[in-house]
Every structure is written in C-alpha cells, then in structure tokens.
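With my numbering applied, the sequence shown has no gaps in its numbers, which climb one by one up to 745 at the end.
Positions of the beta carbon are idealized from the N, C-alpha and C atoms, including for glycine.
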Amino acid sequence: MVITRPEMEIGRYQWMYKSSRPHQYQHVPAMRGNVSPLGIQGCFECCIKCLGGVPYASLVATILCFSGVALFCGCGHVALAGTISILEQRFSTNITDHALLSEVIKLMQYVIYGIASFFFLYGIILLAEGFYTTSAVKELHGEFKTTICGRCISGMFVFLTYVLGVAWLGVFGFSAVPVFMFYNIWSTCEVIRSLPANMTVSADQICVDVRQYGIIPWNAVPGKACGSALADMCNTPEFYLSYHLFIVACAGAGATVIALLIYMMATTYNYAVLKFKSREDCCTKF
C-alpha cells in the first residue's frame, strides 16, 4: 500500500500533538468600542447612559433655587438688622416709636430661617421626583408601572410648585420696596453733594422723611434727615452695606422665581409622562 505525502503530513501532525481529533477554531466576536467579547458594556457606554438619565431641567432649577434662596435669606437677614440700626440712630430716637417695626423685622428674620429650611428640603424632593419620573430613567431601568398614588403625588407637586411660584412673585415685589427706598435716599445724598456754590437752595433744605413710607409713625422724632446729616448717613458703612445687600436679596428672590418657573415646567412634564404611561399600561392590558 502506497502512502501519499498528504497522509504522511497528517500522521506527523497527529503524532506531534498526540491527538486524533482535529482542532476546532471558535470565532471570537469583534470588539466594538469599549464593549467586551462577553457583551458587557464598557465604562464609556455606562457613563453616557447614566448621564442620559439625569433630569437636567430639575438639576438646573435646584441649583438656581438653592443659590437664590441663600442670597435672599442671608443678605436679607443682615440688611434688616442694618436697617433697624439706621432707624434708631438717624430717624427715631424714641424706642417706643419703632417698637412695632422692630418686632416685625425680628419676625421676618425668623421667617427667613423657615424659608431657607423649607426650600432646601423641597428642592431635594423635586430633584428626586425628577430623577424617578423622567423618561430617561425608564430606558435605564426598563419598564415601570405607575400607580394612582404616584400620579397623585406628582400632581400635588405641580399644584404646590405653582402656588409657591405665585407667592414668590409677591416676595420678589416686596423685596424691591427697600431697594426703592434706599435708592431714593442715596439719590438725595448725591444731589446734596453735587450742589453748586451759587445755588439759592441750601443743603439743609433737602431732606429725606422716612415717615412718608409708613415704616415709623408721624409723631416719631426726628423722623427725617436733612443736609449734612443726611450726607453723613449715606457715607456710613451701615447704609452702604444695607443698600447693596437689599439689592442682592432682591436679585436672589428673582433667581428663585426663575427656578420655580423651571420647576413648574419640569413637574408638569413629569406628571404628563406618568399620565401617558398609565394610559399606555391600561391599553396593553386589553
């Protein structure tokens, strides 16, 4: 029997590897991006998917709300204390004349503490509600079922956010009142400084009467500041600091209003997502 050369090569190969079974080569799938051969996603894909599940509208509104409330509460608290000091030293030397105003300002300072604490918790709750009701979370964690209780809670957040938005519009308008008062006083001081020497009107005839604003009674003594006394008051650090702090507090109230408007849109969208999902679940059952 004649052995051909191919048969000799096969016999030599089997003798070298001591196996009579031919080798089988398995196909290794090609890697795409950062995906491993086992189908496990890489770090880049996981980061992109996690970033896609962030409710950016609620996140921006939360940062803006925290910043605005912090500016309003912190600057407003210090500015109110400076206002009391200016009134006691310049416009109302009798304590009984501004006793009621002092009590109101102290009450407002305590209210500021409550506002800061409430909005800190409410912002975190709305941010969490945005995370768990956004449609991107559905893509991350698969299908989810909505309940009547969940939709009621989401609707309650929508209503409460609208109420807070309207209330903060009033707070924003109210915070502009002391800015207007301090601006009038500062403008009068600028007029006194810029009076030319040949003017027939003397500086002592230019006054600021805070009794006309209704913050102290008409029988308060002296009730007004004129001429050089008014100019000296405008140069004090208390007036300068209180004026600018009221401006910053007003800006913080405006930022909070913008944050609540963003919250309104975000919570309304989240409620619409839950509403649509509940209808979709009902349709799939039938």
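Cα-Cα separation, residue i to residue j
i, j, result
"Ser634", "Leu700", "16 Å"
"Ile674", "Ala575", "26 Å"
"Ala587", "Phe631", "27 Å"
"Ile522", "Gly582", "9 Å"
"Phe618", "Val625", "11 Å"
"Phe578", "Ser661", "51 Å"
"Ala688", "Ser551", "14 Å"
"Leu623", "Gly629", "10 Å"
"Gln483", "Val732", "Interpretation of Gln483 is limited by its pLDDT of 48, a score under 50 that renders its predicted location unreliable; the figure taken from the coordinates is listed afterwards. Approximately 53 Å, taken between the alpha carbons."
"Tyr672", "Leu566", "20 Å"
"Gly527", "Ala690", "33 Å"
Inter-residue CB distance, residue i and residue j (contact presumed, cutoff 8 Å)
i, j, result
"Cys748", "Ala718", "Past the boundaries of the shown model lies residue 748; the chain is included only from 460 to 745, so the question cannot be answered."
"Tyr728", "Gly614", "Not really, about 13 Å apart at Cβ, beyond 8 Å."
"Ala725", "Ser517", "5 Å"
"Leu585", "Phe616", "7 Å"
"Val667", "Thr647", "5 Å"
"Ala540", "Ala708", "About 12 Å; that fails the 8 Å criterion."
For residue i, the nearest candidate out of the options (CA to CA)
i, options, result
"Ala679", "Arg670, Thr592, Ile543", "Arg670"
"Pro548", "Tyr591, Phe698, Thr726, Thr620", "Rather than Pro, the amino acid found at residue 548 in this sequence is Gln. Checking every option, the nearest Cα to that of Gln548 belongs to Phe698."
"Gly535", "Leu580, Ile564, Cys685", "Ile564"
"Pro681", "Ser526, Ala516, Asn553", "Asn553"
"Thr542", "Gly527, Ser561, Asp556, Thr555", "Ser561"
"Thr592", "His703, Cys611, Tyr642", "Cys611"
"Ile545", "His703, Lys734, Met692", "Met692"
"Tyr642", "Gly624, Leu704, His557", "Leu704"
"Trp458", "Tyr702, Met567, Cys502", "Residue 458 is absent from the model: the chain starts at 460 and stops at 745."
"Gln664", "Gly686, Pro676, Met723, Ser526", "Gly686"
"Ala558", "Tyr515, Pro676, Met640", "Pro676"
Sequence-distant residues of the same chain with beta carbon closer than 7 Å to residue i, five excluded per side
i, result
"Ile706", "Val638"
"Trp627", "Ala712, Thr715, Val716, Leu719"
The ligand GTP heavy atom lying under 6 Å from the CB of residue i
i, result
"Ile651", "This structure does not include the ligand GTP; it has no bound ligands of any sort."
Other residues of its chain near residue i: CB distance less than 8 Å, five sequence neighbours each side excluded
i, result
"Thr555", "none"
"Lys734", "Arg610"
"Tyr621", "Met723"
Cut-off 6 Å between Cβ atoms - residues of its own chain near residue i, not counting five sequence neighbours on either side
i, result
"Ala520", "Ala718, Ile721, Tyr722"
Inset, instruction - Answer yes if the region 531-544 comes into contact with the region 565-573, meaning at least three C-beta pairs across the two stretches below 8 Å, and no otherwise. - result: yes
Inset, instruction - Please determine if the region 719-728 and the region 646-656 are in contact, where contact requires at least 3 C-beta pairs separated by less than 8 Å. - result: no
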